[in-house]
Amino acid sequence: MGDREVGPVQKIKYKNIIKRSASGLLQIINDILDISRIESGQMEIKHKEFCLTSLLTDLYDIYSNKIAEVNKPDLFINYTNFNYKQTLFSDENRLRQVLSNLLDNALKFTEKGQIEFGVESIDYSKVVLFVKDTGIGISKENKEVIFKRFQQIDYSLGRNYGGNGLGLSITKHLVELMGGSISLESELHNGSVFKIILPLNTMQVSSSKNTTQLIDSSKTNILLVEDDPTSKLFIEELMSDSEYFLHYAETAQIALDILNKTKIDLVLLDIRLPDMNGFDLAVRIKQHNPQTYIIAQTAYAMEHDKKRAFDSGCNDFISKPINIDILSNKIMLVTNLKNNSKFKKV
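Written out as structure tokens, the structure reads:
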């Protein structure tokens, strides 16, 4: 029996079995390592700019192929996205891991129908992502169980569907480490919808190559808080041909006085000021003007500086020396969101 020749079809079959087994083992190892990092406080979130649309497209291609591999001819996948280019400032790899975990879960428990994922909504402060399926669903009493480590919906499902009970627990922790939250809407036998809410630290929106055609900047008030004359001159030159109303404050106190008298849409905030650091000023601004968009500007572009800026209430961050194109895009974003009724507060 040991000398029996294996045919080409069987070779492919055995190769696929080995591949799936190795992949499953690697996933278990990675999950255990992630749980260990989370428990020890060593899981790092590395913020950088990335294109959300590209990430969603990549995942669509990957999971379209996965559906074909697991031979589910009655299962389809689709992703929903606005007709915009969205650039987020977050941890792309961890967000990919979060969405992949949710898509793996949907694929595992959905035999036919549809898996859908993508962007549900965007506003000034947050982006809402979702993963929806037409699978077996989850009963009300079991909704909280699935986010606990080493837990399945019930153990009979664990035996039928496999898994180590770590994926959704890791997903919840990663979302929270990115400053967001995750929720579940589901009924037994009626599918599931997972929703992820992430803070919108950076998002550049464009639905055409000529973005200036979308902008009505005549009513946008911008406050530049900057004590360096050279930087002030640079910003003034940048906006010399625009119709923005540019206000200027060289101290934190002057900035607060202007904010008390004028409705400011955007604050360009230098972190180093003579009377107060920019982080503390951002906190003060958000306490009284929570809708005001703040872009922090500093020559100190370390990760902990960015984190402190966002923790202080800043919506975005730009490093000095300032890149004209990057700053222009960020200002366009705020103006587009302000003037697009889709994003206006009711």
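Going by this note's numbering, 231 is the number at position 237 of the sequence shown; the sequence numbering is gapless.
Glycine included, every Cβ here is placed at the ideal spot set by N, Cα and C.
All figures in this text were calculated on a predicted structure; none of them were measured in a lab.
Item to check | Neighbourhood of ILE312 by C-beta distance below 8 Å, restricted to the same chain and skipping five residues each side | outcome: ILE289, ALA290, GLN291, ILE320, LEU321, LYS324
Checklist entry - Buried or exposed: which applies to ASN309, given that a residue is buried once 16 or more other Cβ atoms fall within 10 Å of its Cβ? => result ASN309 should be labelled buried.
Checklist entry - Would THR172 be called buried (16 or more neighbouring beta carbons within 10 Å of its own) or exposed? => result Reading off the sequence, residue 172 comes out as Met, not Thr. Its Cβ being crowded by 16 or more others within 10 Å, MET172 is buried.
Checklist entry - Do you know whose CA, among SER234, LEU275, PHE228, lies nearest ILE248's CA? => result Distances from the CA of ILE248 to each of SER234, LEU275, PHE228 were compared; the closest alpha carbon is that of LEU275.
Checklist entry - What is the rounded straight-line gap between the Cα of ASP127 and the Cα of LYS137? => result Distance between the alpha carbons of ASP127 and LYS137: 15 Å.
Checklist entry - Among LYS134, LYS142, ARG90, which one has its Cα closest to the Cα of VAL125? => result ARG90
Next on the checklist: Three or more C-beta pairs under 8 Å: does that hold for the segment 224 to 238 against the segment 267 to 282?
Outcome noted: no
Checklist entry - Is it true that the CB of PHE103 sits closer than 7 Å to the CB of TYR73? => result no
Checklist entry - Under 7 Å, do GLY174 and GLY131 count as touching if we go by C-beta distance? => result No, they are not a contact pair.
Item to check | alpha helix (DSSP H) runs contained entirely in the segment 233 to 315, provided each spans 4 or more residues | outcome: 246 to 255, 272 to 282, 297 to 305
Checklist entry - Can you name, in chain order, every residue of its own chain whose Cβ lies under 7 Å from the Cβ of MET50, other than the five neighbours on each side? => result With the sequence shown as reference, residue 50 is identified as Leu, and Met is not the correct amino acid for it. Closer than 7 Å at Cβ, skipping near neighbours: TYR73, ASN75, GLY112.
Checklist entry - Nearest-angstrom Cα distance between ILE316 and GLU86? => result The straight-line gap from Cα to Cα measures roughly 24 Å.
Checklist entry - What are the residues that DSSP puts in a beta bridge with ILE109? => result According to DSSP, which records beta bridges pairwise, ILE109 is partnered with ILE71, ASP127.
Item to check | Nearest-angstrom Cα separation, counted from LYS106 out to LYS66 | outcome: 7 Å
Checklist entry - How many Å lie between ILE61 and ASN95 at the Cα? => result Each residue's CA atom was taken as its position, placing ILE61 and ASN95 some 15 Å apart.
Checklist entry - CB ILE265 to CB THR286, shorter than 7 Å? => result no
Checklist entry - Under a Cβ-count criterion, where at least 16 other Cβ atoms within 10 Å of its own Cβ denotes burial, should LEU327 be classed as buried or exposed? => result Under this definition LEU327 is a buried residue.
Next on the checklist: Buried or exposed for HIS167, going by 16 or more other Cβ atoms inside 10 Å?
Outcome noted: buried
Checklist entry - Terminal residues of the continuous alpha helix (DSSP H) containing LYS60? => result 46 to 63
Checklist entry - Going by alpha carbons, who is nearest to SER58 out of THR47, MET37, ASP98? => result It is ASP98 whose Cα lies nearest to the Cα of SER58.
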